[in-house]
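Numbering (the UniProt record's numbering), first residue to last: 1 to 661. Some notes on the structure that comes next.
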């Protein structure tokens, strides 16, 4: 480990810019790991010293890089939108005593610190508001190990106050207050206070006044660069002054958490239509009211404060440019906020005059059945808010499930026909929207609307598909049809992999009433007569088997390879290149009549069930002329390819043996 660290250190000294910085950081990590593994305390101390040297080298290199490399120890860093608890930190005084309502908890969230985020622009916005005394800033650490606490001088899952900001000399720094009288020191990650050379050039105000900073206890403060903040802190909390806006509108509402089948979609989430007459910046703050039951949940978690917060669930705000109408899926958001465990979250929205926007409140793992909220809109012209309305007037919902018998998988699976299917009867043409929402976001789902006269779809042909939801999506899928002509269609609900089990709800919305009913299982109410198994020879072949009945009957014949996909996978048997066609022939020779043929007379891959349309069986004509199932195959290159099948009929039928035709 030390040898690798030395190699990285050498590379850092021989390169420049971001590459050198990456090598220095890697060397520091390797030295720290080596120190952790070293049993000799003296040797471990030497390795830790080497680690500190590489960190110092990395800090110097970082200052030269215009776009700093950001490393986090607790995952992706995001500046969350929530009010901060300050743990009795000391704050610089305000110039006057504000009224009690002036600084209500008004949180803000900024984007994650990724490479594509303009940190300079973010800094300028926060610094300008801080100097005008319109924002209070605190920063929080994530969950870190004891060794990391000692190394960085920070306490995990705690908040630190920001007492000043300055960018003198082009270096963006924040003055951070360590609230701990006893605990790790932050001296290893910043510049301690006082620093006369720096303070003498800072603007003189209450936040950076040297006389104020030299008060007792000022030595427990530290200047941190914005790069250090990004690297060592998980969150930044911004409490904004509501009086920045001239108008405020509050809307109170409650939300009964929907069933699990709705959690992957937005159809049962609170949704509101908002607009601002003159346009401009609007802030939307959602405040979840505390409930007594939450206290018991928090007390039941003995691990940590953060653990208790996580058990209380998460919430988020999304904004859609949808003319104030309801939305049902999470794609095409104008703004998508982070999921926070705070009871407060905020969205910043730049609005166009008179434009209606849809605001959606979302949640993950909220444990209680019902909550109450207040939504506050802050703007510089009177905002308006109302509940978002549905785009369609007629809505029906139908519960279903993928079970061991009905989880058929995608259209290339041999068991596709087993998927839950619904007949959709449309009497008047118009727009139709279909939403499929599952109770699990780990499975990928799909909806097809097929021209199949409400009958079960065994094979999905492109020309029969009226509309589909596109690619398989996690948890939910939606298909919107601008105009669906009158007729009877079949709606197929499928998961990508066969054998995936889940409950779901199918939601059909239209402007005029439509009728939706489950399509019975293929063998429901019918006799199932198995065909004798047979083997396909290499090359081309043609077989026939006689078919008899004593009563009038209506039947359909199905065949496929005997090796079907393993349940829970999409794995097929190796392709044989064989193509098969089924025909039902009345009579034989020059007078024969074809009653039904599979695939519109096209040869098909037998790894997927091949089926004939339903045909009528008349005992008298069969006795006189004979009725035959004719199986033709071409291109078989696998010897002894086993085939199986059955006859579905509403009366009992009898089958003869296969013979050459």
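Just so you know, even glycine gets a beta-carbon here, dropped at the ideal spot from N, CA and C. Only a predicted model underlies this, so the values are computations on that prediction, with no experimental measurement involved.
In this structure, residue 396 sits away from residue 288, with a CB-CB distance that is not shorter than 9 Å. DSSP places residue 418 within a helical segment (H, G or I) once states are collapsed to three.
Going by DSSP, residue 258 is part of no beta strand (DSSP E) at all; its letter is neither H nor E. Residue environment analysis places residue 404 among the exposed positions, since fewer than 16 neighbouring C-beta atoms fall within 10 angstroms of its C-beta. The Cβ neighbour count for residue 232, taken over all protein chains shown within 10 Å, is at least 16; the residue is labelled buried. CA-CA distance, residue 414 to residue 623, rounds to 35 Å. Between the alpha carbons of residue 601 and residue 328 lies a gap of roughly 41 Å.
Using a C-beta cut-off of 8 Å, the region 481-499 makes no contact with the region 239-252, since fewer than three inter-stretch Cβ pairs fall below that distance. Sequence-distant Cβ neighbours of residue 275 in its own chain, meaning closer than 6 Å and more than five residues away, are 356, 384. Checking the DSSP bridge columns, you'll see residue 172 has no partner listed.
A residue is called buried when at least 16 other Cβ atoms come within 10 angstroms of its Cβ; residue 290 does not meet this threshold and is exposed. Ranking 501, 266, 497 by CA distance to the CA of residue 472 puts 497 first.
Taking each of 119, 30, 394, 349 in turn and checking the Cα distance to residue 510, the smallest one comes out for 394. Residue pairing from DSSP places residue 447 in a beta bridge opposite 493.
DSSP, reduced to helix, strand and coil, places residue 631 within a strand of the structure shown.
With fewer than 16 other Cβ atoms inside 10 Å of its own Cβ, residue 253 counts as exposed. Its Cα nearest to that of residue 283, the residue 380 stands out among 56, 380, 447. Put simply, the region 336-348 does not touch the region 320-327. Fewer than three CB pairs are less than 8 Å apart. Here residue 242 carries a helix assignment [DSSP, helix/strand/coil]. In the DSSP assignment, residue 123 falls within the unbroken alpha helix (DSSP H) covering 119-131.
Ranked by Cα distance from residue 160, the first of 151, 176, 45 is 176. Buried is the label assigned to residue 285, since at least 16 other Cβ atoms lie within 10 Å of its Cβ.
Linking residue 120 to residue 378 through their CA atoms gives a straight-line distance of about 26 Å.
Its chain contains 123, 225, 226 as the residues whose beta carbon lies nearer than 7 Å to that of residue 172, once the 5 sequence neighbours on both sides are disregarded; these appear in chain order. Contact between residue 527 and residue 411 is ruled out by a C-beta separation of about 28 Å, above the 8 Å threshold.
Here residue 542 has 632, 661 as same chain residues with Cβ atoms under 6 Å from its own Cβ, once five neighbours each way along the sequence are excluded. In the DSSP secondary-structure assignment, residue 135 is bridged to 240. In this structure, DSSP gives residue 25 a helical state, which the three-state scheme calls helix. Shown here for residue 134: same chain residues with a beta carbon closer than 7 Å to its own, the five before and five after excluded, namely 240, 241, 244 in chain order. Per DSSP, residue 579 lies in no alpha helix (DSSP H); the unbroken beta strand (DSSP E) holding it starts and ends at 579-586.
Restricting attention to 444, 402, 513, the CA atom closest to the CA of residue 521 is found in 402.
The beta carbons of residue 431 and residue 514 sit about 11 Å from each other, so the pair does not count as a contact at 8 Å.
The beta-bridge partner set that DSSP reports for residue 402 consists of 502. Across the structure, residue 610 and residue 429 are spaced so that their CA atoms are roughly 33 Å apart. Between residue 517 and residue 531 the beta-carbon gap is near 31 Å, outside 8 Å, which marks them as no contact.
In the three-state DSSP reduction, residue 287 falls in the strand class (E or B).
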